[in-house]
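Shown next, in structure tokens, is the structure this report addresses.
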Amino acid sequence: MSGVLVGVDSSTQSCKVLVLDADTGVIVASGSAPHPDGTAVDPMAWIDALGAAWSAAGVAERTDVLGVGVCAQQHGMVAVDRDGHPVHDALLWNDLRSAGQARDMVAQMGIAGWMEAVNVLPVAAITLTKLAWLREHRPEAAARVHRVMLPHDWLVLHLTGAFVTDRSDASGTGYFSAEANRYRPDLLERYFGAVPQLPRVLRPDEAAGTLLPRWGGRGRPIPVSAGAGDNAGAALGLELEPGDVVISVGTSGTIFTRAARPVCDPSGITAGFAAATGDHLPLLCTLNAARVMTATAALLSVDLARFDALALAGKDDAGGLTMLPYFDGERTPDLPDATGQLHGLTRDAFTPENLARGAVLAVANALADCVGMLRAIDAPVGRLLLIGGGAKSAALRAVLPDTLAASLILPATCEYVALGAGRQAAWAATGRLPCWGRRIEAVLEPNLDPGAAAYRDRYARLRDALVSDSLRPASRSSPGRRAGERSPARADRER
């Protein structure tokens, strides 16, 4: 397969374009361009950034492009009128203005009702809640909506003219069932008051169309693949096998596994997303990951390199200190109103080294809770892969295998979302999903450290006590809030 493939990652912060050797997946050229700040963005800004990154990578001048793939941030609401113009700025996944609508949806249908309908619980991130907000607060704009799509659908539309999507991104809307592989127009009718045109859902190996002349091609038809959401794109880029679990450590933590069948979490904490490979991608989030280490480093007035060194010098079990790292509430477990806690303070234990190690161990335990939740709902848990900016922490690398009591695979640093888009482009162009091989930086083995086990035991007891306390009637409901309704504090913090 001589030639190159183009993979696009349109994230919250920027657009990245990779030009990949079709035989090896090696990057031969790249370009990037920033996106505007904010949680509400003119969708045309993404087209401008794509154009800038496209030009920087030199795509339009090439004569050897075999295919193009696009992945993007999930959930964002792109609503356009009959002329194709946005009726409102796109509301991104991290825009929280629809928190009230999300609470109302859960109160009206219940957790069980939502999990049965679409296997995803409405939070402010989910597209349907944003449409409900538009209906309530911008009724004139809502009345003009003709089509609704997601960020990657919008980019594919401008690249090809085709109004299409894929299962992975559709599964994060709140009005698509990945299990039944169909939209739920009844939910749109109920919460938006209308059923706008929705993009056709393509097979994972299906082409959306061919590249329009303005983007290049030199007269040749260049297929553009179905595209995907960013997490599904990363799974493609990592070449996940069924049962592989990705632990992605950023400001928050995202944990997902590839599953052959739908996995339903009765609590609603695990989102039942679809994968870009035709199967499923159950996903959990912990709100408190690298931000805990960053905040503790700031408290100690050290940079992250020095923080790492302090944590590695601390006692194996942090000298008896135990931190519950729920600085911004927590999603796994479901503790929206929780705050961080520090236990076991003594003069001997309270040192910078132990505090740093305790913070790192707390992050490791929060991630371990998510992996444990996957096991508890019978999701497949096999090999564990550690990625993300927080995975660069030597201290986290040191303690996480013992906390999980498992080996961790550390893939080489790469733009895995764009790489996954490139793999999907090859699939659409040739009918075959290439295996380029995952480059491994290291395999992290547990050291049978009794300190990590002791910390895990203390952490679990404190966490369980906090969960138990939250279930008491006085803790669960505040005046004016219905039982089972999500708190405003949670809504303001959820992704």
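When we follow the numbering used here, the leftmost residue of the sequence shown carries the number 720, and every step to the right adds one.
C-beta: ideal position from N, C-alpha, C; glycine also.
Closest residue to residue i among the options (Cα-Cα distance)
{"i": "glutamate 958", "options": "Arg1102, Leu1002, Thr1149, Thr892", "result": "Arg1102"}
{"i": "glycine 1141", "options": "Arg886, Leu840, Ala995, Ala1008", "result": "Ala995"}
{"i": "glycine 757", "options": "Thr743, Trp812, Arg1180", "result": "Trp812"}
{"i": "serine 729", "options": "Ala1137, Pro1192, Arg922", "result": "Ala1137"}
{"i": "valine 784", "options": "Pro915, Leu921, Pro942, Arg1094", "result": "Pro942"}
{"i": "valine 727", "options": "Ile830, Val1100, Leu1023, Ala771", "result": "Ala771"}
{"i": "threonine 985", "options": "Ala889, Arg909, His807, Met1092", "result": "According to the sequence displayed, residue 985 carries proline and not threonine. Taking only the C-alpha atoms, the option nearest proline 985 is Met1092."}
{"i": "tyrosine 1174", "options": "Asp808, Leu1123, Ala779", "result": "Leu1123"}
{"i": "alanine 1014", "options": "Val1079, Arg1066, Ala1145", "result": "Val1079"}
{"i": "alanine 1110", "options": "Gly972, Thr1041, Glu835, Glu859", "result": "Gly972"}
{"i": "alanine 818", "options": "Arg1010, Val797, Pro1192, Thr846", "result": "Thr846"}
{"i": "alanine 1037", "options": "Val964, Arg1177, Ala954", "result": "Arg1177"}
{"i": "alanine 1216", "options": "Leu1023, Leu1119, Arg1180, Val1090", "result": "One cannot answer for residue 1216 here, as it falls past the ends of the chain, which runs 720 to 1214."}
{"i": "alanine 990", "options": "Ile830, His877, Gly880", "result": "Ile830"}
{"i": "leucine 850", "options": "Pro841, Arg1158, Ala861", "result": "Ala861"}
{"i": "aspartate 924", "options": "Leu1152, Pro858, Ser721", "result": "Leu1152"}
Unbroken alpha helix (DSSP H) run spanning residue i, endpoints
{"i": "glutamate 1072", "result": "1071-1095"}
{"i": "arginine 1116", "result": "1113-1123"}
{"i": "arginine 1182", "result": "1169-1189"}
{"i": "leucine 1138", "result": "1135-1149"}
{"i": "proline 762", "result": "762-775"}
{"i": "arginine 886", "result": "886-889"}
C-beta atoms of residue i and residue j nearer than 8 angstroms
{"i": "glycine 1033", "j": "asparagine 1084", "result": "no"}
{"i": "glycine 1059", "j": "tyrosine 1045", "result": "yes"}
{"i": "leucine 1086", "j": "isoleucine 974", "result": "yes"}
{"i": "tyrosine 902", "j": "leucine 921", "result": "no"}
{"i": "aspartate 1121", "j": "alanine 1171", "result": "yes"}
{"i": "serine 944", "j": "glycine 788", "result": "yes"}
{"i": "alanine 951", "j": "serine 887", "result": "yes"}
{"i": "aspartate 873", "j": "tryptophan 773", "result": "Before going on, a small fix: residue 873 reads as tryptophan here, not aspartate. No, the pair does not count as a contact, with Cβ atoms beyond the cut-off."}
{"i": "glycine 1107", "j": "glycine 969", "result": "yes"}
{"i": "glycine 956", "j": "glycine 1139", "result": "yes"}
{"i": "valine 797", "j": "arginine 863", "result": "no"}
{"i": "proline 753", "j": "glutamine 732", "result": "yes"}
For residue j and residue i, believed in contact at Cβ under 8 angstroms, the rounded distance
{"i": "alanine 759", "j": "aspartate 814", "result": "6 angstroms"}
{"i": "glycine 795", "j": "leucine 869", "result": "6 angstroms"}
{"i": "proline 1052", "j": "arginine 1182", "result": "7 angstroms"}
{"i": "glycine 946", "j": "aspartate 998", "result": "Actually they do not touch by this definition, with Cβ atoms about 17 angstroms apart."}
{"i": "alanine 1098", "j": "proline 1001", "result": "5 angstroms"}
{"i": "aspartate 949", "j": "cysteine 790", "result": "6 angstroms"}
{"i": "asparagine 838", "j": "proline 981", "result": "6 angstroms"}
{"i": "alanine 897", "j": "phenylalanine 992", "result": "7 angstroms"}
Residue range of the beta strand (DSSP E) that includes residue i
{"i": "methionine 796", "result": "It is not in any beta strand (DSSP E) - methionine 796 carries neither H nor E in the DSSP assignment."}
{"i": "glutamate 1160", "result": "1159-1163"}
{"i": "alanine 954", "result": "Looking at the DSSP string, alanine 954 is not in any beta strand (DSSP E); the run it does join, the alpha helix (DSSP H), is 949-956."}
{"i": "alanine 897", "result": "From DSSP, alanine 897 is part of no beta strand (DSSP E); its letter is neither H nor E."}
{"i": "proline 709", "result": "For residue 709 there is no data in the structure shown, the boundaries of the chain being 720 and 1214."}
{"i": "arginine 1025", "result": "No beta strand (DSSP E) holds arginine 1025; the alpha helix (DSSP H) holding it covers 1023-1032."}
{"i": "serine 703", "result": "No statement about residue 703 is possible, as the shown extent of the chain runs from 720 to 1214 and does not include it."}
{"i": "alanine 699", "result": "Since the displayed the chain opens at 720 and closes at 1214, residue 699 lies outside it and no answer follows."}
{"i": "cysteine 1154", "result": "Element bounds for cysteine 1154: n/a, residue is neither H nor E."}
Q: Tell me the start and end of each unbroken alpha helix (DSSP H) in the stretch 820-874 that is at least 4 residues and wholly inside, in chain order.
A: Taking only runs of at least 4 residues, the alpha helix (DSSP H) segments lying wholly in the stretch 820-874 are 846-856, 858-862.
(Q) For a minimum of 3 consecutive residues, which ranges assigned as the beta strand (DSSP E) are wholly contained in the stretch 976-1014? (A) 990-993, 999-1005
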